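Chemist: Just so we're aligned, residue 33 is where the sequence shown starts under the numbering used here, counting upward by one. Where a beta carbon is used, it is the ideal one built from N, C-alpha and C, also for glycine. For clarity, every value in this text was computed on a predicted model and none was experimentally measured. Quick one: this structure, given as structure tokens, is what I'll be asking you about.
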Amino acid sequence: MSEVNLQNNQTMSGTLTSSTLESIKSNYQRTLDRIFNAAQKAGRNPNQVRLVVVTKTHPVEVVEAAVLAGAAHIGESYADEAISKIAQLAGKSITWHMIGHVQSRKAAAVSTNFDYLHSLDSLKLAKRLNHFCKEAGRTLPFLFECNVSGETTKTGFSAWEERRWQALLPVFDEILTLEHLKCQGLMTIAPFFDKPEETRPYFRKLRALRDFLDKQFRSVCFDELSMGMSGDFEAAIQEGATWVRIGTAILGERLSRKG
Ligand SMILES: *Cc1c(COP(=O)(O)O)cnc(C)c1O
33 MSEVNLQNNQ
43 TMSGTLTSST
53 LESIKSNYQR
63 TLDRIFNAAQ
73 KAGRNPNQVR
83 LVVVTKTHPV
93 EVVEAAVLAG
103 AAHIGESYAD
113 EAISKIAQLA
123 GKSITWHMIG
133 HVQSRKAAAV
143 STNFDYLHSL
153 DSLKLAKRLN
163 HFCKEAGRTL
173 PFLFECNVSG
183 ETTKTGFSAW
193 EERRWQALLP
203 VFDEILTLEH
213 LKCQGLMTIA
223 PFFDKPEETR
233 PYFRKLRALR
243 DFLDKQFRSV
253 CFDELSMGMS
263 GDFEAAIQEG
273 ATWVRIGTAI
283 LGERLSRKG
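As structure tokens, this is what we get:
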């Protein structure tokens, strides 16, 4: 994988050099090809897998470069950082995805600035988002973020033990009654492995959880599965991902702030 080094390629003015733009373009195209091939290999329609380009910690010029390369869906993890970029890029046709943990006090800002939330992880947050969406007269599409690995560093609803899935139902039921939030499906982050194949059981578990919820809530849409990142998206696509969230493979390593 050829990765761009944005630190070296960035000029003093904060604009990107043409070689950086070209790398982003070719990495973006190569990623689309890999998505297409993974879907075909799995016997799936490649159009059913959509790409969110994850631009967290990258400057706004990098988001613009991704958009120039063809990206329509941009993912961010930190509310304040994202909102500044969203303001600077107002008028561009970008669908903004919030993919990181949302603190309660950011609920108002998230509900008005983002188009799609991948990381709904509590009833409390859901209620706050619903309140602010109502005030803003809008509906926010969201995914339930589920922790299917049991790693304590991860947020999301506790879903690693199948025998506990039943216990999720009352909370999910309450969230699903909120009128200004619209469920689209589930999201997860697999544990990191050197061998991407090892992530498969986690993606499979998320899909099984989706099938379980689908039966419980017949009238609710659980079509979308947001799973797969730079290191493991091909495995995720094999297991049914409809959204993949990819940063590093397109934009290069992040320079600051872990995440
Ligand atoms: C950062 C991040 C990604 C992208 O990770 P890469 O490995 O850079 O592709 C995807 N999903 C979430 C939730 C993230 O925080």
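Helix, strand or coil for I115 per DSSP?
Modeler: Within the sequence shown, the letter at position 83 stands for residue 115. Here I115 sits in helix by DSSP.
Chemist: Quick check: the Cα distance between D112 and V99, rounded to an integer number of angstroms?
Modeler: What you label residue 112 is simply residue 80 of the sequence shown in a count that begins at 1. What you label residue 99 is simply residue 67 of the sequence shown in a count that begins at 1. Between D112 and V99, the C-alpha separation is close to 20 Å.
Chemist: Our contact map puts F189 next to E177 with C-beta atoms below 8 Å; I'd like the distance itself, whole angstroms only.
Modeler: Here residue 189 corresponds to residue number 157 of the sequence shown, with the count starting at 1. Here residue 177 corresponds to residue number 145 of the sequence shown, with the count starting at 1. Right, their Cβ atoms sit about 7 Å apart.
Chemist: Suppose you measure from the CA of R195 to the CA of P228; what does that come to, to the nearest Å?
Modeler: By 1-based counting over the sequence shown, the position of residue 195 is 163. By 1-based counting over the sequence shown, the position of residue 228 is 196. Each residue's alpha carbon lies about 26 Å from the other.
Chemist: Excluding five sequence neighbours on each side, which residues of the same chain lie with their C-beta closer than 6 Å to the C-beta of M294?
Modeler: Residue 294 cannot be examined here, being either before or after the span of the chain that is shown, 33 to 291.
Chemist: Put I282 into one of helix, strand or coil per three-state DSSP.
Modeler: Counting from 1 along the sequence shown, the entry for residue 282 is found at position 250. Here I282 sits in helix by DSSP.
Chemist: Is it right to say G107 is buried, meaning 16 or more other beta carbons lie within 10 angstroms of its own, or is it exposed?
Modeler: As a first step, residue 107 must be located in the sequence shown, where it is residue number 75. Buried, since its Cβ has 16 or more Cβ neighbours within 10 Å.
Chemist: Buried or exposed: L210, going by 16 or more other Cβ atoms within 10 Å of its Cβ?
Modeler: In the sequence shown, the residue the question calls residue 210 occupies position 178. Looking at its Cβ environment, which holds 16 or more other Cβ atoms inside 10 Å, L210 is buried.
Chemist: Report the rounded CA-to-CA distance for F265 versus N77, giving the unit in angstroms.
Modeler: Taking the first residue of the sequence shown as 1, we reach residue 265 at position 233. Taking the first residue of the sequence shown as 1, we reach residue 77 at position 45. Each residue's Cα considered, the two are about 16 Å apart.
Chemist: Rounded C-beta distance between V338 and L155? I'm assuming under 8 Å.
Modeler: Residue coverage of the chain in this structure runs from 33 to 291, which leaves residue 338 outside it and unanswerable.
Chemist: In or out: K117 buried (at least 16 other Cβ within 10 Å) or exposed?
Modeler: Translated into the one-based positions of the sequence shown, residue 117 becomes position 85. Per the 10 Å Cβ criterion, buried.
Chemist: Does the distance from the C-beta atom of I126 to that of A103 stay below 9 Å?
Modeler: For this step, residue 126 is matched to residue 94 along the sequence shown. For this step, residue 103 is matched to residue 71 along the sequence shown. Yes, these two residues count as a Cβ contact at 9 Å.
Chemist: Find the nearest neighbour of K138 within the set N162, A122, F68, judged by alpha-carbon distance.
Modeler: Taking the first residue of the sequence shown as 1, we reach residue 138 at position 106. For K138, the nearest C-alpha among the options comes from N162.
Chemist: For E271, count neighbouring C-beta atoms within 10 Å of its own C-beta (all shown protein chains included) and say buried if the count is 16 or more, exposed if not.
Modeler: In the sequence shown, counting from the first residue as 1, residue 271 sits at position 239. Burial call: buried.
Chemist: Between T82 and ligand 1, is there a pair consisting of the residue's CB and a ligand heavy atom that are separated by less than 8 Å?
Modeler: Numbered from its first residue, the sequence shown carries residue 82 at position 50. The question names Thr, yet the displayed sequence has Arg at residue 82. No, since every heavy atom of ligand 1 falls outside the 8 Å radius drawn around the Cβ of R82.
Chemist: Exposed or buried, what is E285 when buried is set at 16 or more other beta-carbons lying within 10 Å of its beta-carbon?
Modeler: Here residue 285 corresponds to residue number 253 of the sequence shown, with the count starting at 1. Under this definition E285 is an exposed residue.
Chemist: What is the rounded straight-line gap between the Cα of V142 and the Cα of A70?
Modeler: The sequence position of residue 142 within the sequence shown is 110, counting from 1. The sequence position of residue 70 within the sequence shown is 38, counting from 1. Distance between the alpha carbons of V142 and A70 is about 33 Å.
Chemist: In this structure, how does DSSP classify T127 when only helix, strand and coil are distinguished?
Modeler: Working through the sequence shown from its first residue, we reach residue 127 at position 95. The answer is strand: DSSP assigns T127 an E or B state.
Chemist: For the candidate residues S55, F225, L83, whose alpha-carbon lies nearest to that of T274?
Modeler: Translated into the one-based positions of the sequence shown, residue 274 becomes position 242. The candidate whose alpha carbon is nearest that of T274 is L83.
Chemist: What are the start and end residues of each continuous alpha helix (DSSP H) run of 4 or more residues lying completely inside the region 210-258, in chain order?
Modeler: Entirely contained in the region 210-258, the alpha helix (DSSP H) runs reaching 4 residues are, in chain order, 232-248.
Chemist: Can you tell me which of R170, A101, V85, V180 puts its alpha carbon nearest to the alpha carbon of I131?
Modeler: In the sequence shown, counting from the first residue as 1, residue 131 sits at position 99. Residue V85 is the option with its Cα nearest to I131.
Chemist: What three-state label does DSSP hand F265 in the structure shown?
Modeler: Working through the sequence shown from its first residue, we reach residue 265 at position 233. In this structure, F265 counts as helix in the three-state DSSP scheme.
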